[in-house]
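K.L.:
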Amino acid sequence: MIGSAPENRKAAPSRDALMRDAVAQLKTAEVPNPGREARLLMRFACDLDAAGLSARAGQQATPQEVQRFEKALARRLRREPLSHITGERAFLDHVFEVTPDVLDPRADSEVLVLRAIACAKGRSDGARGDGEGIRVLDLGVGSGCLLLSVLAACPQATGLGVDASPAALDVAQRNASRLGVADRVSLERGDWLRGIESHFDVILCNPPYIDLEELAELEPEVRLHEPLMALSPGLDGLIVYLHLAPLLRSVMRPQAVALFEVGHRQGEAVAQIFGAVDFMVVTHRDLSGVIRVVEVT
Ligand SMILES: C[S@@+](CC[C@H](N)C(=O)[O-])C[C@H]1O[C@@H](n2cnc3c(N)ncnc32)[C@H](O)[C@@H]1O
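The numbering used here puts the first residue of the sequence shown at 4, with every later residue one more than the last.
Right under this line is the structure:
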């Protein structure tokens, strides 16, 4: 009959049905948290926030959404990180652009950023406690998630972010614009402290700290897709701390503080490295009780 729908044409699947099918496939591929991953992929494919997806999960997906979802799912099944597929990652109060050139911002780093914001506000010149006049240095700035979060929380603070990777610096620059702090940050290519002549109140550093041996045990998302220079400094995960400890004073203002993120088994060793060159050392633990930050003054 002219104009009637062909009898074998299938109705488009609902978003729920697509997600159920995806969960089964993600489980088979041993992707952790398959339910959450399927929802996040669907939100990306349909450009919906969490509430929007809940309200529309039972409805049919459009053909474009199905295509986008299936493409994204295929990448995730190959263990590409979700952030590389969606191009972004939420970290504390902001969403950062993420590419394969930068470390995917980790929840592990939140302890360091919250402590840095408290230090910046505490060191404010005025009584306003907003980080006024404070200078912040981030060594190995990557996506900028640490430094830019601090600058966004301290509207009068300014910062310098250094990284050896020009591609990472491009991402950090775009994130600075995203967060509206581009006029308060300089991003420069460099090799840790080499050539830095100015002085800072708050210094942040989340260096590559994974031993080469340990690298082999990591999930494929990290091992195969994140930049090696962001993950590991080589055989010994402590090399960067050992390199920075004797040089750090040269960039610290009086009363300055430096905050180092450490691997889950490195807290004591890193505290000793800085203690040995006469720093006062305090450590901070994450919610599971693991030392995540070594603070030195
Ligand atoms: C663990 S990532 C941290 C990135 C970001 N700060 C974060 O926390 O998500 C370490 C960063 O150090 C950078 N890096 C590696 N070697 C460096 C060097 N010699 N000088 C400066 N940065 C370096 C890497 O490119 C990478 O962006």
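Glycine included, every Cβ here is placed at the ideal spot set by N, Cα and C.
Using three-state DSSP, classify Q62 as helix, strand or coil.
P.N.:
Residue state, collapsed to three classes: coil.
K.L.:
Looking only at its chain, what residues have a beta carbon closer than 6 angstroms to the beta carbon of R131, apart from the 5 residues adjacent to it on each side?
P.N.:
Residue confidence for R131 is low, a pLDDT of 48 falling below 50, so the modelled location carries little weight and cannot support an answer.
K.L.:
Say whether the region 20 to 27 touches the region 38 to 45, bearing in mind that this needs 3 or more beta-carbon pairs closer than 8 angstroms, one atom from each stretch.
P.N.:
The region 20 to 27, when compared against the region 38 to 45, does touch it at the 8 angstroms Cβ threshold.
K.L.:
So what does R192 bridge to, in DSSP terms?
P.N.:
DSSP lists D166 as partners of R192.
K.L.:
Please list the terminal residues of the continuous alpha helix (DSSP H) segment that includes F277.
P.N.:
Counting along the chain, the alpha helix (DSSP H) containing F277 begins and ends at 270 to 278.
K.L.:
Go through its chain and collect everything with a Cβ distance to V260's Cβ below 8 angstroms, but skip five positions before and after it.
P.N.:
Contacts found: C122, R126, D204, V205, I206, E298, V299, T300.
K.L.:
Under the three-state reduction of DSSP, which class applies to C157: helix, strand or coil?
P.N.:
Residue state, collapsed to three classes: coil.
K.L.:
Enumerate in chain order the residues of its own chain whose CB-to-CB distance from V265 is below 6 angstroms, with the five nearest sequence positions on each side excluded.
P.N.:
The residues are V273, V297.
K.L.:
Cβ-heavy atom distance between N178 and ligand 1 below 8 angstroms?
P.N.:
No - ligand 1 has no heavy atom lying nearer than 8 angstroms to the Cβ of N178.
K.L.:
Please name the residue in Q176, L241, V165, A93 whose C-alpha comes closest to that of D2.
P.N.:
Outside the shown range of the chain, which is 4 to 300, sits residue 2, and nothing can be said about it.
K.L.:
Quick check on P84: buried or exposed, where buried means 16 or more other Cβ atoms within 10 Å of its Cβ?
P.N.:
P84 should be labelled buried.
K.L.:
In the DSSP assignment, find the alpha helix (DSSP H) that holds A185 and state where it starts and stops.
P.N.:
Counting along the chain, A185 falls outside any alpha helix (DSSP H), and DSSP gives it neither H nor E.
K.L.:
Rounded C-beta distance between A64 and A14? I'm assuming under 8 angstroms.
P.N.:
Incorrect: roughly 11 angstroms between the Cβ atoms, too far for contact.
K.L.:
Among residues of its own chain, excluding the 5 on either side of P35, which ones have a beta-carbon nearer than 8 angstroms to its beta-carbon?
P.N.:
Hits under 8 angstroms: E222.
K.L.:
Candidates V280, H228, R256, L163: which alpha carbon is nearest P249's?
P.N.:
Among V280, H228, R256, L163, the Cα nearest to that of P249 is on V280.
K.L.:
On the DSSP bridge assignment, give the partners of C208 in chain order.
P.N.:
Its beta-bridge partners are L142, F263.
K.L.:
Excluding the five sequence neighbours on either side, which residues of its own chain have a C-beta within less than 6 angstroms of the C-beta of D141, listed in chain order?
P.N.:
The answer, listed in chain order, is L149, L150, G164, L207.
K.L.:
Please check the pair P236 and P210, which I expect to be a contact at CB under 8 angstroms, by giving their CB distance rounded to whole angstroms.
P.N.:
That belief holds up - the Cβ atoms of P236 and P210 are roughly 7 angstroms apart, short of 8 angstroms.
K.L.:
Return the CA-CA distance between E68 and R79, expressed in angstroms with no decimal places.
P.N.:
Those two C-alpha atoms are separated by around 16 angstroms.
K.L.:
For ligand 1, I want to know if V260 counts as a neighbour, meaning its beta carbon is within less than 8 angstroms of at least one of the ligand's heavy atoms.
P.N.:
Every heavy atom of ligand 1 is 8 angstroms or more from the Cβ of V260, so no.
K.L.:
Quick one: does the C-beta of A230 sit closer than 8 angstroms to a heavy atom of ligand 1?
P.N.:
Per the sequence presented here, residue 230 reads as Pro, with Ala not at that position. Yes; taking the cut-off as 8 angstroms, the Cβ of P230 has a heavy atom of ligand 1 nearer than that.
K.L.:
Assign D1 to buried or exposed, taking buried as 16 or more other Cβ atoms, counted over all protein chains shown, within 10 Å of its Cβ.
P.N.:
With the chain covering 4 to 300 only, the question about residue 1 has no answer from this structure.
K.L.:
Throw me the rounded Cβ distance for the V284 and G278 pair, which I believe falls under 8 angstroms.
P.N.:
Confirmed, about 5 angstroms.
K.L.:
Count the other CB atoms, across all protein chains shown, that sit within 10 Å of the CB of R3; report buried if there are 16 or more and exposed otherwise.
P.N.:
Past the boundaries of the shown model lies residue 3; the chain is included only from 4 to 300, so the question cannot be answered.
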